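Number of protein chains: 2
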Amino acid sequence: MGQTVTIKDVALRAGVSSATVSLVLNNVARARVSVATAERVRAAASELAYAPNLLARGLRRQRTNTIAVLSDEIATTPLASQMIGAIQDVAMRNGLLVFMVNTNGDPETERSAVAAFHQQQVDGFVYACLYHRVVDLPPGMGTNVVVLDGRTRRPRFPAVVPDDRGGARAAVTELLAHGHRRIGFINDYYATVAADLRLKGYRDALREFGVRFDRRCVVYAEPGLESSADAAARLHEDAGVTALFCFNDRVAVGAYRGLTRQGLAVPDDVSVVGFDDQEFVADYADPPLTTVALPHYAMGQWAARALVERINGRGGPAEVRVMPCQLVRRASVARPAG
Amino acid sequence: MGQTVTIKDVALRAGVSSATVSLVLNNVARARVSVATAERVRAAASELAYAPNLLARGLRRQRTNTIAVLSDEIATTPLASQMIGAIQDVAMRNGLLVFMVNTNGDPETERSAVAAFHQQQVDGFVYACLYHRVVDLPPGMGTNVVVLDGRTRRPRFPAVVPDDRGGARAAVTELLAHGHRRIGFINDYYATVAADLRLKGYRDALREFGVRFDRRCVVYAEPGLESSADAAARLHEDAGVTALFCFNDRVAVGAYRGLTRQGLAVPDDVSVVGFDDQEFVADYADPPLTTVALPHYAMGQWAARALVERINGRGGPAEVRVMPCQLVRRASVARPAG
DNA sequence: CTGAAAGCGCTTACAG
DNA sequence: CTGAAAGCGCTTACAG
Chain A
26 MGQTVTIKDV ALRAGVSSAT VSLVLNNVAR ARVSVATAER VRAAASELAY
76 APNLLARGLR RQRTNTIAVL SDEIATTPLA SQMIGAIQDV AMRNGLLVFM
126 VNTNGDPETE RSAVAAFHQQ QVDGFVYACL YHRVVDLPPG MGTNVVVLDG
176 RTRRPRFPAV VPDDRGGARA AVTELLAHGH RRIGFINDYY ATVAADLRLK
226 GYRDALREFG VRFDRRCVVY AEPGLESSAD AAARLHEDAG VTALFCFNDR
276 VAVGAYRGLT RQGLAVPDDV SVVGFDDQEF VADYADPPLT TVALPHYAMG
326 QWAARALVER INGRGGPAEV RVMPCQLVRR ASVARPAG
Chain B
26 MGQTVTIKDV ALRAGVSSAT VSLVLNNVAR ARVSVATAER VRAAASELAY
76 APNLLARGLR RQRTNTIAVL SDEIATTPLA SQMIGAIQDV AMRNGLLVFM
126 VNTNGDPETE RSAVAAFHQQ QVDGFVYACL YHRVVDLPPG MGTNVVVLDG
176 RTRRPRFPAV VPDDRGGARA AVTELLAHGH RRIGFINDYY ATVAADLRLK
226 GYRDALREFG VRFDRRCVVY AEPGLESSAD AAARLHEDAG VTALFCFNDR
276 VAVGAYRGLT RQGLAVPDDV SVVGFDDQEF VADYADPPLT TVALPHYAMG
326 QWAARALVER INGRGGPAEV RVMPCQLVRR ASVARPAG
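These protein sequences, in sequence, are chains A and B.
Mind the numbering: the first sequence is residues 26 to 363 in the numbering used here, read in order.
Mind the numbering: the second sequence is residues 26 to 363 in the numbering used here, read in order.
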């Protein structure tokens, strides 16, 4: 840097005080600067390619136009990079610069990151979760906080989560609408918020079609393709299922595999629906997988906008926004055989 | 924020000047402060939970301990999030906060981002590319710049790229070592740096094994599974290939599909090797794909470290670091049939 | 050993 | 309409 041009240089060249330069360049309405002076100032500024030092401005204004995104290693997981992209887009459009850190969910790291960003005088925080969950926020983030893909136990801040229940309902409805009545559900092994809500959505759909819930149709798969493959095979053999709703697309890929091994074809013998619409998984499956899209971009956008509102003092109440999840139809659903 | 505690509050409570507080808290060696005074200062600081305002410090020191990562929409692509993770890890360990923006490679956006970060007085830039390429950097980034997964035409800054050529050579050698002699190469449709280098690596391996290069064995696939599927089928039928080296894992998935349609099994009838080691693609393929890993984490780490060195004035010459690419053996390679 | 002063580069009442 | 002054919260020679 070294020879940076400051407001003083502009003032000198325009033959005015630096106060006047500031007033002109910031378009301060109540300051009635003569047109001629303003003109000279602008000319000088542009000739010198003057750009205000944001540190000095921030120090003086007590406002930095920066935000921090704390994430649960989110930035390193393919699924959620859309959320980050959305935040950045909104930030840019609002003249905000964004700090990003990933804490791996470690409370110690979170704490120190929050402290560091506070010292850096950020205007607000987005706390982004790797997957839909109920979180305990690190202390001391202040009041300009928005939770993304998660929510706090008590609604202290705006939060946005996907409509897992509605999405699951849509997925299972798609199967029911094709005539399936024996529908298996391979749920997540972990008792997550999403697992719980997707089960509820599964039952919702069944109920609406007057199909009785049969607990033998729901099964929990451990991580890894093999567990899902086994689950799918069992569900077909033991529970006589003609369709499968899978907790996510990766589970669905496992299910494909289990079915194929039994000599069963998707969707001719068994229909399959996934969840997430994960790129290179759902679309690369053979046949391409019908699934439910997680609205990552929309959630990120909503969160960033909510934060901007808060920062500008126009923040509403601490709403938990539930973002709809669209069904994406591809080629893994057909009417039941026979 | 509002009632933040400043150095003045600490000074008041400790009964010293703010200069002394600063000296003590920064452990300034040449300042000989009495042990008793230092003790009082530290006590006061900790009682008040004082944390220095980094804006003020930055303004004064002309050094902010922040860096900016400009990316080519890198952060929104699954492949490269490892690079970002690595940068953040190194940054954190060095007390650096990181700004992140993705410019979608738009020169206009890049320019304004660079300007904004300059105004924010960042200490340096990482210019991160989506894929290995030769780039024109936006003007005015100054001297503390490192290029990640790309390099400039002239070596002005440290840069780190993957060893595409060596990786390709390793991939094809794996095939040759299993006894294959007719080896097809489905290369990228676009004339990228990577496409060029991987072709060179392919030829290197052939040469080492005394296998003559046959141009009918190399083919270019457009984006999308179908084009790769066709290419694979053609290569097997027309060129009598028993093994396939694919530009990347996604192409390999397409190849699997084309082979399967011909009633050909991987690896019993045709062996396949990919490139990238893309999560959920290479490992989820059936059979799991032998491939070459792109060293994203290592590259990100190297870039961040090089930037730290530069910032600290210990930067060496503008080296282009070529990072080795490891072969990852899975289940898609076998000896040729018969 | 410690304090007063200047200054980093801005913005914002306050005078005039 | 415009300038001098104070102040945001630090750090760093400089005195003493």
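Note that CB positions come from ideal geometry on N, CA and C, so glycine has one too.
A quick note: this is a predicted structure, and the numbers were derived from the prediction, not measured.
{"Item": "Residues from the segment 305-331 of chain A in contact with chain B, defined by Cβ distance under 7 Å", "Value": "F305, V306, Y309 and D311"}
{"Item": "For A/G83, three-class secondary structure by DSSP", "Value": "helix"}
{"Item": "C-alpha distance - B/R88 paired with B/V139, whole-angstrom precision", "Value": "17 Å"}
{"Item": "Interface residues of the segment 76-89 of chain A facing chain B [CB-CB below 9 Å]", "Value": "A76, P77, N78, L79, L80, A81, R82, G83, L84, Q87 and T89"}
{"Item": "CB contact below 8 Å: B/L250 versus chain A", "Value": "yes"}
{"Item": "Which listed residue (A/G235, A/P320 and A/L48) has its alpha carbon closest to that of A/P187", "Value": "A/P320"}
{"Item": "Residue burial classification, A/M26 (beta-carbon count within 10 angstroms, cutoff 16)", "Value": "Only weak support is given to the placement of A/M26: the predicted model assigns it a pLDDT of 40, under 50, and the value that follows is read from those uncertain coordinates. Its Cβ having fewer than 16 others within 10 Å, A/M26 is exposed."}
{"Item": "Where B/A290 sits in the DSSP three-state scheme", "Value": "coil"}
{"Item": "Distance between A/L224 and B/P313 (C-alpha atoms, nearest Å)", "Value": "31 Å"}
{"Item": "Bridge partners - B/C271, DSSP secondary structure assignment", "Value": "B/I211"}
{"Item": "A/V139 (DSSP reduced to helix, strand or coil)", "Value": "helix"}
{"Item": "Sequence-distant residues of its chain with Cβ nearer than 6 Å to B/G9 (five each side left out)", "Value": "Shown here, chain B extends from 26 to 363; a query on residue 9 of chain B therefore has no answer."}
{"Item": "Where the segment 150-176 of chain B meets chain A: residues whose CB sits under 9 Å from a CB there", "Value": "G167"}
{"Item": "For B/M324, the first and last residue of its enclosing alpha helix (DSSP H)", "Value": "H321 to I336"}
{"Item": "Whole-angstrom C-beta distance between B/V353 and B/V115, which should lie under 8 Å", "Value": "Incorrect: roughly 24 Å between the Cβ atoms, too far for contact."}
{"Item": "Which of helix, strand or coil DSSP assigns to B/H432", "Value": "Because chain B here runs from 26 to 363, residue 432 of chain B falls outside it and cannot be looked at."}
{"Item": "Distance between A/G209 and A/T134 (C-alpha atoms, nearest Å)", "Value": "41 Å"}
{"Item": "Beta-carbon contacts of A/V30 that lie in its chain and below 6 Å, excluding the five residues immediately before and after", "Value": "L73 and Y75"}
{"Item": "Exposed unless 16 or more other CB atoms sit within 10 angstroms - verdict on A/E199", "Value": "buried"}
{"Item": "Cut-off 6 Å between Cβ atoms - residues of its own chain near A/V66, not counting five sequence neighbours on either side", "Value": "A39, V46 and V49"}
{"Item": "Within-8 Å CB hit, B/G191 to chain A", "Value": "no"}
{"Item": "Per-residue burial, B/A238 [other beta carbons within 10 Å of its own, 16 or more giving buried]", "Value": "Here the sequence assigns Phe to residue 238 of chain B, which means Ala is not the residue at that position. Classification of B/F238: exposed, given that the 10 Å Cβ count is below 16."}
{"Item": "Exposure of B/A277, with buried meaning 16 or more beta-carbon neighbours within 10 Å", "Value": "buried"}
{"Item": "Check whether B/A256 and B/R207 have beta carbons under 8 Å apart", "Value": "no"}
{"Item": "Cβ neighbours of B/P248 in the same chain (closer than 7 Å, five flanking residues each side left out)", "Value": "Y214"}
{"Item": "Partner residues on chain A for B/R286, Cβ-Cβ distance less than 7 Å", "Value": "Correct list: empty, because the minimum Cβ distance to chain A is about 10 Å."}
{"Item": "Beta-carbon proximity list for A/Q326, same chain, < 6 Å, skipping 5 on both sides", "Value": "A111 and V115"}
{"Item": "Integer-rounded CB distance, given that B/V345 should sit under 8 Å from B/R176", "Value": "5 Å"}
{"Item": "Where A/M108 sits in the DSSP three-state scheme", "Value": "helix"}
{"Item": "B/T128 classed as buried or exposed, judged by whether at least 16 other C-beta atoms fall within 10 angstroms", "Value": "buried"}
{"Item": "Separation of A/R286 from A/N119, as counted between CA atoms", "Value": "53 Å"}
{"Item": "Close-in-space but distant-in-sequence residues of the same chain around B/V160 (CB under 8 Å, 5 per side omitted)", "Value": "Y152, C154, V172, G175, R176 and T177"}
{"Item": "Within 8 Å, strictly: CB atoms of A/Y309 and B/V306", "Value": "yes"}
{"Item": "Rounded separation between A/A61 and A/I32 - CA only", "Value": "19 Å"}
{"Item": "Between the CA atoms of A/Q144 and B/V126 - distance to the nearest angstrom", "Value": "21 Å"}
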